[in-house]
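Under this note's numbering, the first residue of the sequence shown carries the number 674, and numbering increases by one thereafter. Glycine residues also receive a C-beta, built at the ideal position from the N, C-alpha and C atoms.
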Amino acid sequence: MKIYTVLTCEARNRQRLINKFLEKNIPLKKIALKGDEMRLRVEDRHLKQALEILRASGSEYSIESRGGAYIVRQTVLRYLSLALAAIAAIAFLIIMSGVCFSVDVKVDDPLVKSQIYGILEDAGVKKYSLKRNIDTRQLSLKISGDIEEVGFANCYFDGGALKIEIKKVHKVEESENYTKIVADRDCIVTRVLVYSGTAVVKEGDVVKAGDTLIEGYIDTAPDSEDNERLAVPARGEVYAQTSYSKNITLGSRAVEAEDTGNSRTFTDLYVFGKLIGKSKLPKYSQYRVVEERKTFGSLIPITAVTRTYYETRNVEIELSEAQIDGQISLACIELWQDIPEGAKVVDNYNFKKKVDNLYIIDIYYILEETVSKGE
674 MKIYTVLTCE ARNRQRLINK FLEKNIPLKK IALKGDEMRL RVEDRHLKQA
724 LEILRASGSE YSIESRGGAY IVRQTVLRYL SLALAAIAAI AFLIIMSGVC
774 FSVDVKVDDP LVKSQIYGIL EDAGVKKYSL KRNIDTRQLS LKISGDIEEV
824 GFANCYFDGG ALKIEIKKVH KVEESENYTK IVADRDCIVT RVLVYSGTAV
874 VKEGDVVKAG DTLIEGYIDT APDSEDNERL AVPARGEVYA QTSYSKNITL
924 GSRAVEAEDT GNSRTFTDLY VFGKLIGKSK LPKYSQYRVV EERKTFGSLI
974 PITAVTRTYY ETRNVEIELS EAQIDGQISL ACIELWQDIP EGAKVVDNYN
1024 FKKKVDNLYI IDIYYILEET VSKGE
């Protein structure tokens, strides 16, 4: 089980800071931004290295809560009996986390809901079953394949609850005026599924947005003089390769803060969260701060907050390959948000070139998705 420590630090140079963590193979969890602050979680085994990075980067930080390993160690040393009870409680929770306590079928149609419960019963899925004995993927396939009204079933665990959500088969209503299906973007056709009508494109065809893909007619005898063309609804799906791209431009040099060697340390006392006296600040125009907290007393808790201010100055550095790769990774994540649901990623690549003092980077994702639209 991974155990984390919660840190809060400055977010003004968050990208550079995240890149430094990535360079050291330190994974970050639950990153949240609030104004000029960034809140994140670091595994206990990486905590010492993470604090060294924060100090070296000149980022002000504080430890909001220590990881479970630290707390358990201190608790065992001070209150052995309580520690044993806590361990037993944790073991109980771990065991209970592997149990399915409820089954929630989110379906309005009572007939479909009844069919789903029948499939669950046949598969031996019920309340208080062990999660490891429930294959949600196979359940999804079984429900989608066996129930005609279900187009897609999604089975997943939300805590101790098994959730089942479905999308019904989309039925195209017939219209007296049959139309055609056209491409909604530029693409290269990969698959054509015709349910009704005649396909006018095939695999490998390059089409533009607005080009016709499926016509609303069928020929009774295409190669005969007796051929009769009948109007029918144009129905079908056309899959094609599409591309999504993003361009980023980076300067070849960056500015970062470094320590001058000067520092000042001040300690403030708090009683019930109220500051005693007045906080002091060093007369530095630019600095980073390292904060440590200690609490004494039980009836009247007194918290000592020691802040060490390190004077810093800005220096210009050459942008490293790791920093460039970090920016590319962030841009890829942003581009990923634009990819439509249900699309399949076929390939991805990027081009990087340097012009004068700039890096110009083009990122591409090649997808397979449906591009058909009725008119």
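Residue range of the unbroken alpha helix (DSSP H) whose run includes residue i
i	result
ARG689	687 to 696
SER730	720 to 730
LYS1026	Where LYS1026 is concerned, there is no enclosing alpha helix (DSSP H), although the beta strand (DSSP E) it sits in stretches over 1017 to 1028.
Contact check, residue i vs residue j, beta carbons under 8 Å
i	j	result
ILE736	LEU680	yes
TYR917	LEU1008	yes
THR933	THR981	no
ILE1006	ILE1036	no
ILE854	GLY1047	yes
VAL1044	ALA904	no
LYS779	GLU838	yes
ILE990	ARG926	yes
VAL867	ASP878	no
GLY909	ILE891	no
LYS804	VAL772	yes
ILE768	GLN788	no
GLU1042	TYR912	yes
THR976	GLU931	no
LEU814	ALA796	no
SER730	LYS693	yes
GLN688	LEU1003	yes
PHE825	LYS840	yes
ASP884	GLU822	no
PHE774	GLY833	yes
CYS860	VAL873	no
Chain D contact for residue i (CB, 8 Å cutoff)
i	result
ALA930	Considering every chain present, this structure includes no chain D. It has just one protein chain.
Residue i: first and last residue of the uninterrupted beta strand (DSSP E) it sits in
i	result
GLU794	Run containing GLU794: none in the beta strand (DSSP E); it sits in the alpha helix (DSSP H), 783 to 795.
THR681	677 to 683
ARG810	From DSSP, ARG810 is part of no beta strand (DSSP E) but of the alpha helix (DSSP H) over 809 to 819.
GLY999	From DSSP, GLY999 is part of no beta strand (DSSP E) but of the alpha helix (DSSP H) over 994 to 1009.
GLU822	Note, GLU822: premise wrong, no beta strand (DSSP E); not H, not E.
GLU710	710 to 716
LEU948	947 to 949
LEU954	Note, LEU954: premise wrong, no beta strand (DSSP E); not H, not E.
TYR734	734 to 738
PHE969	960 to 969
ASN987	975 to 991
ILE1036	1031 to 1043
ASP857	Careful: ASP857 lies outside any beta strand (DSSP E) and carries neither H nor E.
ILE839	834 to 841
LYS779	775 to 779
LEU706	701 to 707
Residue i, buried or exposed, once every other Cβ within 10 Å from all chains shown has been counted against 16
i	result
THR678	buried
LEU1040	buried
PHE945	exposed
GLU733	buried
SER770	exposed
ALA894	exposed
LYS969	The residue you asked about is not Lys; residue 969 is Phe in the sequence shown. Burial call: exposed.
VAL988	exposed
ALA995	exposed
PRO906	buried
ILE760	exposed
VAL928	exposed
ILE763	exposed
GLY791	exposed
LYS999	Checking the sequence, you will find Gly at residue 999 rather than Lys. Classification for GLY999: buried.
LEU793	buried
ILE816	buried
ARG864	exposed
ILE807	buried
ARG961	buried
Chain-order list of residues whose beta-carbon lies under 6 Å from that of residue i (same chain, five-residue window excluded)
i	result
LEU706	ALA684
THR922	LEU1031 and ILE1033
ARG714	TYR677, VAL679, LYS702 and LYS703
7 Å CB neighbourhood of residue i in its chain, flanking five on each side removed
i	result
GLU965	THR979
LEU727	CYS682 and TYR734
GLY889	TYR851, THR852, LYS853, GLY870, ALA904, VAL905, PRO906 and ALA907
TYR957	TYR982 and GLU984
VAL1018	TYR1038 and LEU1040
ILE997	LEU923 and TYR1032
LYS1026	ILE1033
8 Å Cβ shell around residue i - same chain, five flanking residues per side excluded
i	result
GLU710	THR681, CYS682, GLU683 and ALA684
ILE858	This sequence places Arg at residue 858; Ile is not what is there. If we look at ARG858 and ignore the five residues flanking it on each side, its Cβ neighbours are ALA882, THR915 and VAL1044.
THR809	CYS828, TYR829, PHE830 and LEU835
LEU992	LEU923, GLY924, SER925, ARG926, ALA927 and TYR1032
- Query: Which runs of the beta strand (DSSP E), 3 residues or longer, sit entirely within the region 868 to 936?
  - Reply: You should have 885 to 888, 890 to 892, 902 to 904 and 908 to 924.
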